[in-house]
Structures are given as C-alpha cells and as structure tokens.
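In our numbering, the protein residues as written are 3 to 195.
1. Check for me: the alpha helix (DSSP H) holding residue 114 runs from which residue to which?
2. Go ahead and label residue 165 buried or exposed: buried means 16 or more other beta carbons lie within 10 angstroms of its beta carbon, across all protein chains shown.
3. Within a Cβ cutoff of 7 Å, which residues of the same chain sit near residue 167, ignoring the five residues on either side of it in sequence?
4. I need the straight-line Cα distance from residue 148 to residue 142, nearest angstrom please.
5. Hey, quick one: how far does the alpha helix (DSSP H) through residue 185 stretch, first residue to last?
6. Taking C-alpha atoms, which residue in 172, 13 and 139 lies nearest to residue 158?
7. Under 8 Å, do residue 120 and residue 162 count as touching if we go by C-beta distance?
8. Helix, strand or coil for residue 10? Go by DSSP, reduced to three states.
9. Residues bridged to residue 168 by DSSP?
10. Please report the Cβ distance between residue 123 and residue 155, rounded to the nearest whole angstrom; I am assuming they are in contact, meaning their Cβ atoms lie under 8 Å.
11. Could you give the distance in angstroms between the alpha-carbon of residue 135 and the alpha-carbon of residue 82?
12. Please classify residue 65: is it buried, with 16 or more other beta-carbons within 10 angstroms of its beta-carbon, or exposed?
13. Distance check for residue 133 and residue 84, CA to CA, integer angstroms please.
14. According to DSSP, simplified to helix, strand and coil, what is residue 61?
15. Quick one: Cα of residue 74 to Cα of residue 150, how far?
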C-alpha cells in the first residue's frame with residue numbers, strides 16, 4: 003500500500019517544475035524536449051545540487067585534517083608529560099613509603115626474606131640492618147618456621163635506613179634499599195606506554 007509523503011516548508015513555494023526521470027549524475031531523458039531557457043535553468047539547478055555536495059566534501063576533509071592534528075597534539079602532549087607523570091608517581095610512592103617507615107608499619111623480616119631470594123647461596127651470609135630493625139629481625143629468625151633466616155648472621159649497621167637491608171656474602175653484595183627500588187619503578191614507568 004503506498005504511503006503518503008508530507009513535506010512541511012518554512013516559506014511558500016514560488017515555482018515548481020516536475021523533472022520526471024531526472025538524475026543528478028546523468029542526463030535527464032527530457033533534456034532534448036526542453037527549450038534553451040529550460041536547459042540553462044536545469045544546468046543552474048544541477049549546479050545548485052552539486053554546491054552542497056562540494057561543500058560537504060570540503061567540510062569532511064577539514065574535519066579529517068582537524069582530527070589528525072588533534073591526535074598528533076595528544077601524542078605529543080602525552081609523550082612530553084610521560085616522564086613528568088612517572089616522576090610524580092614515584093614521588094607519591096616515596097612519600098607513602100616514608101610515612102609507613104616513620105610509623106613502623108612494615109615487616110623487616112619480609113624485606114630480608116625477599117632480598118634473600120636474590121642470593122645464589124646462603125652460606126657465610128651477613129645481613130646488615132638498621133639498629134632499630136635488628137631486634138625485630140632476630141625475633142623473626144628465632145621463630146622462623148620455613149628456615150629462610152637460619153644460618154644468616156644479622157648485624158646492626160647505622161648506615162642502613164629503616165626498612166632496608168644489605169646482604170653480603172663472598173660472592174658479592176645485594177642491596178634492598180627503598181631509593182633503588184623506587185628508581186627501578188620510575189625507569190619501568192618511563193619505558194611503559
């Protein structure tokens with residue numbers, strides 16, 4: 003069943019021409035029957051139809067160029083600030099860690115055990131600790147259920163900060179220092195995209 007087409011216009015129609023078989027891409031079959039004045043009018047009408055199409059194409063090209071420039075701007079801004087973001091993240095982590103260290107909110111034995119995982123051997127192993135951490139670590143060593151700290155010599159070293167340790171054995175030294183860990187995290191953040 004055919005549907006009724008209703009068109010609402012803002013202004014009154016001044017003239018109407020029925021273009022049966024008219025195509026915007028090809029020639030109309032009624033072109034031959036038209037008078038020269040009508041051909042001029044039809045060409046003007048075709049030009050009027052192509053003007054919005056041309057304008058639309060130009061707007062699309064302009065928008066595509068703007069999108070490309072915005073994407074480029076975003077990439078540049080992100081790249082320029084990536085290092086600053088990494089530094090800021092590390093500084094925030096540093097402040098949080100320092101607050102926890104000041105409050106004594108850490109387990110020195112866990113820090114030592116983590117550092118021990120990086121040693122090839124536990125023979126003749128000396129762990130240097132801050133004097134304030136030594137007592138807690140010695141208690142943990144006595145109650146060590148998994149024997150991780152067994153045979154490890156614990157010594158007080160005032161040059162070592164709280165929540166830090168330095169492991170020393172005949173093969174070398176392993177440091178577990180907050181600043182070094184934060185530096186490694188900062189480098190990893192700078193490399194990450």
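Ideal Cβ positions, reconstructed from N, Cα and C, are used throughout, including at glycine.
By the coordinates alone:
1. 110-118
2. buried
3. 113, 114, 117, 129, 130, 131 and 178
4. 11 Å
5. 180-193
6. 139
7. If you check the CB distance, residue 120 and residue 162 do not come in under 8 Å.
8. When secondary structure is reduced to three states using DSSP, residue 10 falls in the coil class, being assigned neither helix nor strand.
9. 130 and 177
10. With a Cβ gap of about 14 Å, residue 123 and residue 155 do not count as contacting.
11. 42 Å
12. exposed
13. If I take the Cα positions, the gap works out to 39 Å.
14. helix
15. 53 Å
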